[in-house]
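Single-structure report; data block below.
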Amino acid sequence: MNLLMCPVCREALSLTDRTWRCLNNHSYDVAKQGYVNLHVVQHKHSKNPGDTSESVQARRAFLSAGFYAPLQHALVEKIRELRIENLLDIGCGEGYYTDAMQAEVMQCMGVDIAKNAVQVAAKLNKNITWVVGTGATLPVLDHSIDLCTSLFSPIPKEEILRVLKPQAYLIVVTPAPAHLFAMREALFDEVNEHDPHKFVEQLQDAFELIEQPIVESEFTLDQQQLKNLIAMTPYAYKAKPEKRQALEEQGSTQLKAAFQIYLFQKK
Ligand SMILES: C[S@@+](CC[C@H](N)C(=O)[O-])C[C@H]1O[C@@H](n2cnc3c(N)ncnc32)[C@H](O)[C@@H]1O
Ligand SMILES: [Zn+2]
Numbered sequence: 002m003n004l005l006m007c008p009v010c011r012e013a014l015s016l017t018d019r020t021w022r023c024l025n026n027h028s029y030d031v032a033k034q035g036y037v038n039l040h041v042v043q044h045k046h047s048k049n050p051g052d053t054s055e056s057v058q059a060r061r062a063f064l065s066a067g068f069y070a071p072l073q074h075a076l077v078e079k080i081r082e083l084r085i086e087n088l089l090d091i092g093c094g095e096g097y098y099t100d101a102m103q104a105e106v107m108q109c110m111g112v113d114i115a116k117n118a119v120q121v122a123a124k125l126n127k128n129i130t131w132v133v134g135t136g137a138t139l140p141v142l143d144h145s146i147d148l149c150t151s152l153f154s155p156i157p158k159e160e161i162l163r164v165l166k167p168q169a170y171l172i173v174v175t176p177a178p179a180h181l182f183a184m185r186e187a188l189f190d191e192v193n194e195h196d197p198h199k200f201v202e203q204l205q206d207a208f209e210l211i212e213q214p215i216v217e218s219e220f221t222l223d224q225q226q227l228k229n230l231i232a233m234t235p236y237a238y239k240a241k242p243e244k245r246q247a248l249e250e251q252g253s254t255q256l257k258a259a260f261q262i263y264l265f266q267k268k
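Residue numbering for the sequence shown follows my numbering, beginning at 2 and increasing consecutively.
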């Protein structure tokens with residue numbers, strides 16, 4: 002079944018010979034890397050939106066080393082339990098979590114606004130429909146999705162409500178208060194507490210909160226992996242350069258990541 006929606010006229014898209022086409026003959030070619038660009042100029046605010054190539058490469062190098070594998074495993078287990086047909090990963094980035102989640106569902110789509118991230122993602126898994134697009138206008142048909150995921154990514158509430166089936170699920174993952182505390186302490190004079198609960202407040206009128214487990218991962222990083230971690234987080238550009246440099250010069254760094262998972266169900 003095709004779940005994609007034409008971003009120009011909002012009709013269904015269907016795929017023939019590596020081209021997605023709607024009945025009004027708007028057409029979108031599958032790129033040679035295996036993704037489709039549905040981010041049309043009408044919805045674009047900048048030429049190269051989303052993450053830079055450096056942060057995409059840093060995230061790929063860090064995640065593929067397995068430091069966040071406990072989160073990946075927790076998500077896979079949960080999705081297996083929920084028995085999901087159609088999954089939409091919003092802000093899929095370079096696809097580390099999307100790739101693992103796909104094995105548990107019938108159909109899987111990953112959408113991200115950053116073309117360079119989706120290009121890297123598309124190499125990972127050919128069984129995923131990889132899409133360059135924006136969460137502000139998801140290129141996905143109404144009431145077609147059983148589970149939306151937003152992992153450290155934007156949560157376009159109205160669009161998520163539109164694409165989800167009745168009583169379908171939303172998983173949000175966001176840093177828990179203890180997340181990388183030692184690293185943030187080294188980078189900033191004053192450490193701002195992460196406040197995951199604000200997402201519950203934003204979503205609770207339309208979604209019921211079903212579960213809220215916290216997943217932790219402890220690891221020791223060498224200099225290169227620490228640099229990758231700093232580069233893939235928002236801390237990179239917020240920290241003072243001299244603090245960042247001092248931290249990056251440490252021989253090895255012990256850290257604990259703490260992830261807040263929220264499982265919501267559409268009311
Ligand atoms: C911190 S990254 C997380 C990536 C991935 N989920 C992961 O955990 O590895 C946030 C992602 O959201 C994407 N993003 C930002 N704004 C977006 C939007 N309006 N629509 C879709 N994706 C967006 C960025 O390009 C980036 O890849
Ligand atoms: Zn169209």
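Here a beta-carbon is modelled for each residue, glycine too, at the ideal position from N, C-alpha and C. In this text the structure is predicted, and so the values were computed from the model without any measurement.
- Nearest to LEU64 by alpha-carbon distance, out of GLN266, ALA13, ALA232, GLU160, is ALA232.
- Distances from the CB of HIS40 to the heavy atoms of ligand 2 are all 7 Å or more.
- If you look at LYS257, you'll find it in the beta strand (DSSP E) that goes 253 to 267.
- Annotation for TYR97 indicates a beta carbon within 7 Å of some heavy atom of ligand 1.
- Within the DSSP bridge table, the entry for GLU219 names LYS257 as partners.
- Remark: fewer than three beta-carbon pairs, one from each stretch, lie closer than 8 Å, so the stretch 211 to 222 and the stretch 17 to 29 are not flagged as touching.
- Every unbroken stretch of the alpha helix (DSSP H) spanning 4 or more residues and falling wholly within the stretch 138 to 206 is given here in chain order: 158 to 164, 182 to 188, 198 to 204.
- If you ignore the 5 residues before and after LEU83, its C-beta comes within less than 7 Å of the C-beta of LEU148, TYR170, all in its own chain and listed in chain order.
- Taking a cut-off of 8 Å for Cβ pairs, the stretch 55 to 74 and the stretch 135 to 143 do not touch, as fewer than three such pairs fall below it.
- For ILE211, the number of other beta carbons within 10 angstroms of its own is below 16, and it is reported as exposed.
- Listed by position in the chain, the residues whose beta carbon lies within less than 7 Å of some heavy atom of ligand 2 are CYS7, VAL9, CYS10, GLU12, CYS23, ASN25, HIS27.
- A direct Cα-Cα distance of roughly 30 Å separates ASP113 from ALA183.
- If you check the CB distance, LYS268 and LEU165 do not come in under 8 Å.
- Annotation: the continuous beta strand (DSSP E) that includes THR20 extends over 20 to 22.
- The DSSP-derived three-state label of GLU243 is helix.
- Looking at the DSSP output, ASN229 shares a beta bridge with no other residue.
- Going by beta carbons, GLU105 and VAL77 fall inside the 8 Å limit.
- It is roughly 44 Å from the alpha-carbon of PHE208 to the alpha-carbon of ALA247.
- A check of alpha carbon separations from ALA259 across GLN203, LEU181, VAL37, LYS127 identifies LEU181 as the nearest.
- The three-state secondary structure of ASN117, taken from DSSP, is helix.
- With fewer than 16 other Cβ atoms from the protein chains shown falling within 10 Å of its own Cβ, THR17 counts as exposed.
- Spatial neighbours of ALA177 in its own chain (CB-CB distance under 7 Å, excluding positions within 5 residues in sequence) are listed in chain order as HIS195, PRO197, ILE215, ALA259, PHE260, GLN261.
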